[in-house]
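Numbered by the working numbering, the letters in the sequence shown go through residues 7 to 61 in order.
Heads up, the beta-carbon is just placed ideally off N, CA and C, and yes, glycines get one too.
Take a look at the structure set out below.
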Amino acid sequence: MDIRPTAPTDAHHVTGLTRATAAQRLAEEGPNLLPGSTPKTLLAIVLGVLVDRCS
Numbered sequence: 007m008d009i010r011p012t013a014p015t016d017a018h019h020v021t022g023l024t025r026a027t028a029a030q031r032l033a034e035e036g037p038n039l040l041p042g043s044t045p046k047t048l049l050a051i052v053l054g055v056l057v058d059r060c061s
């Protein structure tokens, strides 16, 4: 079996989206978040810690 690296070994080789394309997609589609992955509030974090410590 012949296994070769898929990524280029040239340190100066850049891959991925251009800044312009990334900005356009962000504007059109929004941030790359999973459904229900909104950040927890400070109160929710504190309550979670207290519940864990009391159980």
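* How is the alpha helix (DSSP H) around residue 56 delimited, first residue to last? -> Under the DSSP assignment, residue 56 falls in the alpha helix (DSSP H) whose first and last residues are 48-60.
* From residue 26 to residue 35, what distance separates their C-alpha atoms? -> When rounded, the separation of the alpha-carbon atoms in residue 26 and residue 35 is 14 Å.
* Asked: To the nearest angstrom, how far is it from the Cα of residue 43 to the Cα of residue 57?
  -> The C-alpha of residue 57 is placed about 21 Å away from the C-alpha of residue 43.
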